[in-house]
Every structure is written in structure tokens, then in C-alpha cells.
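When you line the sequence shown up against the working numbering, it's residues 4 to 329, in that order. See structure below.
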Amino acid sequence: MLSRVAESIFWMSRYIERAENIARFLDVNFRLILDIPMDISFQWAPMIRVTGDSHLFHERYNKTNQENVVNFLVFDQTYENSIVSCINKARENARTVREIISTEMWQCINEFYLFLINPMAVGETFMSPNSFFAKIKNYSLLLAGLTESTMAHTESWHFSQMGRFLERADKTSRILDVKYFVILPRVDYVGTAYDTLQWSALLRSASALDMYRKQYHQITPSSVTQFLFFDPDFPRSVKYCLRECDTSIHDITGAPIGSYSTMAERHLGMLRAEIEYADVTEIIQAGLHEYIDIFQLKLNNVGDSISSSFFATKPPETLTLKKGTR
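Shown next, in the form of C-alpha cells:
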């Protein structure tokens with residue numbers, strides 16, 4: 004398989020998943036505004052901080068308010084990680100691999116893009132934000148379903164899976180991190196009805212509230228962290244996403260599970276092992292935000308290793324097949 008094709012499919016899926024998760028960030032913020040009285044500037048500034056692109060926002064906007072933050076994260080075509088930019092890049096990557104993806108996938112990506120660039124979309128975002136962001140999530144879910152059911156499950160499909168689940172793992176961890184930046188403006192909220200509303204909104208933003216309630220009797224920080232990070236069966240948990248990435252990368256390379264032949268497999272296997280043996284109580288005591296920061300750095304390292312192992316112009320050194328830590 005050509006590395007160019009593999010890279011286009013990988014990033015097509017990553018960009019679609021990224022757009023969906025930005026919509027989830029914003030959706031939970033709009034919901035919280037309705038439920039919790041707080042300073043509006045405090046409410047929106049953290050939305051920019053968690054993207055890691057605060058400097059770009061302040062170069063283009065002189066005020067951190069709802070309108071500017073939404074325009075930046077959703078419609079700013081000069082910002083590479085806005086929703087419209089992500090879908091535009093997903094569409095361009097899909098265009099270069101039309102012979103690999105299905106017609107239904109291509110049509111859906113086109114419709115998604117046209118929906119976002121429609122002038123009516125800006126008005127809908129502010130008049131009915133929950134409806135607008137639900138449409139974005141539904142387009143993403145539809146594309147995931149079409150990829151699953153209309154695309155041959157060959158190497159190209161596995162690269163799509165890797166892109167989707169790698170991005171999802173990163174954004175699930177960021178959704179959890181939002182709690183400490185956005186949802187907890189005052190320490191005296193802890194343990195109150197406000198606190199429960201905040202955690203409920205957080206779970207809802209990851210489409211996790213219903214499944215969470217089936218397992219836990221009450222909402223607590225430790226159980227929410229356990230569910231979103233370490234649940235082996237919930238498809239948006241970090242642990243589940245890393246396992247799916249690991250399965251796909253081994254199907255691509257042909258290396259037996261528990262071994263590695265590329266640095267990408269090695270780094271992913273090491274990160275999976277850390278997640279497998281982590282203890283949520285120890286993590287919270289040591290600092291969840293700090294733990295998530297370190298996790299995201301390691302996840303970025305996995306992404307860089309995938310690029311160098313499979314997409315680099317110069318082939319990487321071939322590793323001797325070794326036993327990996329799992």
C-alpha cells in the first residue's frame with residue numbers, strides 16, 4: 004500500500020474525529036451556561052486554553068467571549084484546527100483516495116462540508132447551539148458507520164481505524180481535563196448539586212452518561228475518571244481506544260500481538276501497559292491534570308512514531324521482531 008494513500012486515510016479519519024470532539028467541547032460548555040451561574044469570561048477562556056492554541060486566538064481576537072471563541076473554534080478557516088478547517092482537510096484527503104473509499108463516504112463528507120460553509124450555519128450556532136453541534140456529531144457518527152459497513156476491511160481500513168481511535172483517545176482525555184479548567188471555577192462547588200451537574204454534563208459530552216449510570220450508582224470524580232480512562236468496554240474510553248489502535252497496527256504489520264517490529268508498535272504497547280496497570284486513586288491523589296498532560300505527550304509520541312514508521316518519505320530502520328510489554 005502506498006504511504007501517501009495510507010497517510011491520507013489516516014488523517015481523513017483523524018480530522019473527522021477532531022471536528023466531532025471540538026463540537027463536544029463546545030456543546031458541554033453551552034449546556035453548563037444554562038445550569039451554572041458563573042463569570043462568562045471564565046467560562047469561555049479555558050475552551051481556548053485546552054486546545055493549546057491560545058497564542059493564535061489572541062493574535063486574531065482582542066476579547067475572549069462566546070462569539071469570538073465559537074467563531075475561532077468552528078468557522079475560522081485560517082485556524083487549522085477549527086471544525087470547518089478539519090472537515091475541509093478531511094475532504095481534501097478523501098478526494099485523493101476516491102478509489103479506496105466508498106461513494107457513500109465521499110458523498111457524506113461533501114454534505115458535511117457544505118453544511119458547515121452554508122451562511123445559515125453561523126446563525127444556527129448561536130440560536131440553537133445544541134441542535135447545531137448535534138448535527139456535527141451525527142455527521143461524524145454517520146461517516147464512522149459508513150466506513151465500517153461500506154469500506155473493505157483491508158490495510159486502508161485499519162489506517163482509518165488508527166486515525167479515529169488515536170484522535171479519540173486524545174480528545175477523551177482532554178474532555179476530562181476540561182473539568183479542571185472550566186467546570187470547577189470555585190472550590191466550594193465540590194460535593195454540591197453544582198458539582199453533580201458539571202460531571203453529568205462532562206459525561207454527556209462524551210456520550211457516556213447512560214452507560215456510566217448502568218455501572219455506577221452515583222457520580223464521583225474517581226468513578227468518572229475510571230470510566231472514561233480505564234473502562235475496557237466503553238468505545239470512547241482511553242483504554243478501549245488504545246486497544247483498537249494496537250489491534251489495527253499489528254494487523255497492518257503482521258507482527259504477533261505482544262511483539263513489535265516498528266517503533267510505533269513499541270511506543271503504543273508501552274503506553275497500553277501503563278494504562279493497563281494504572282490505579283485511578285493514585286492518579287487523582289497525585290494530580291489528574293498532571294497525569295493527563297504526561298499522557299498526552301506520550302500519545303503525541305505514538306502519533307509521531309506512526310508517521311515516521313509508515314508515512315515518512317525515507318523508510319525507517321526495520322527493527323528485529325521483539326517481545327513487547329503489554
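By construction, the Cβ of each residue, glycine as well, lies at the ideal position given by its N, Cα and C atoms.
Proximity of residue i and residue j at Cβ, strictly below 8 Å
| i | j | result |
| --- | --- | --- |
| Ala209 | Thr153 | no |
| Phe233 | Lys242 | yes |
| Thr54 | Asn84 | yes |
| Arg21 | Cys89 | yes |
| Ala9 | Phe313 | yes |
| Leu119 | Val72 | no |
| Ser159 | Ile103 | yes |
| His270 | Ser311 | no |
| Ser131 | Glu23 | no |
| His161 | Ile255 | yes |
| Phe75 | Phe60 | yes |
| Tyr215 | Leu206 | yes |
| Ser240 | Val283 | no |
| Ala211 | Ile139 | no |
Residue i versus residue j - alpha carbon distance
| i | j | result |
| --- | --- | --- |
| Val227 | Asp213 | 12 Å |
| Pro188 | Ile222 | Because the pLDDT at Pro188 is just 49, under 50, the model does not fix this residue reliably, and the point stays unresolved. |
| Glu277 | Met108 | 36 Å |
| Leu149 | Ser105 | 8 Å |
| Ile19 | Thr67 | 26 Å |
| Thr157 | Ser264 | 19 Å |
| Gly290 | Tyr64 | 32 Å |
| Arg246 | Arg275 | 7 Å |
| Ile330 | Ala172 | Since the first residue of the chain shown is 4 and the last is 329, residue 330 is not available in this structure. |
| Ser251 | Glu293 | 29 Å |
| Trp47 | Gln69 | 6 Å |
| Arg34 | Asn133 | 8 Å |
| Arg7 | Ile112 | 20 Å |
| Phe115 | Leu29 | 18 Å |
| Trp202 | Asn32 | 12 Å |
| Leu300 | Ile36 | 31 Å |
| Met50 | Asp198 | 19 Å |
| Ala315 | Ala155 | 25 Å |
| Val181 | Ala204 | 11 Å |
| Ala164 | Gln288 | Sequence inspection shows Gln at residue 164; the Ala mentioned does not correspond to that position. Those two C-alpha atoms are separated by around 34 Å. |
| Trp258 | Asp249 | In the sequence under discussion, the amino acid at residue 258 is Ala, which differs from the Trp named in the question. So the alpha carbons of these two residues sit roughly 11 Å apart. |
| Gly306 | Leu145 | 25 Å |
| Phe135 | Asn141 | 10 Å |
| Met266 | Leu200 | 42 Å |
| Ser262 | Asp236 | 23 Å |
| Glu268 | Asn304 | 11 Å |
| Leu179 | His253 | 29 Å |
| Leu1 | Ser11 | In the structure as shown, the chain begins at 4 and stops at 329. Residue 1 is therefore absent and cannot be evaluated. |
| Gln110 | Glu285 | 47 Å |
| Lys217 | Met273 | 31 Å |
| Lys92 | Tyr280 | 37 Å |
| Pro238 | Cys244 | 7 Å |
| Gln80 | Leu302 | 27 Å |
For residue i, the first and last residue of its enclosing alpha helix (DSSP H)
| i | result |
| --- | --- |
| His253 | 241 to 256 |
| Lys140 | 132 to 153 |
| Ile90 | 86 to 99 |
| Phe115 | 106 to 120 |
| Tyr82 | First-last for Tyr82: undefined, no H or E at that position. |
| Lys217 | 212 to 218 |
| His58 | 57 to 63 |
| Val224 | Note that residue 224 corresponds to Pro in the displayed sequence, not to Val. First-last of the alpha helix (DSSP H) with Pro224: 224 to 233. |
| Glu70 | 69 to 73 |
Residue i Cβ short of 7 Å to the ligand ADP heavy atom set
| i | result |
| --- | --- |
| Glu277 | In terms of ligand content, the structure shown is empty, and the ligand ADP therefore cannot be addressed. |
Given 8 Å, three or more beta-carbon pairs between the segment 119 to 126 and the segment 165 to 176: no
Contact the segment 13 to 24 vs the segment 81 to 99: 3+ CB pairs below 8 Å: yes
Start-end ranges of the alpha helix (DSSP H) lying completely within the segment 250 to 294, minimum 4 residues: 266 to 279, 283 to 289
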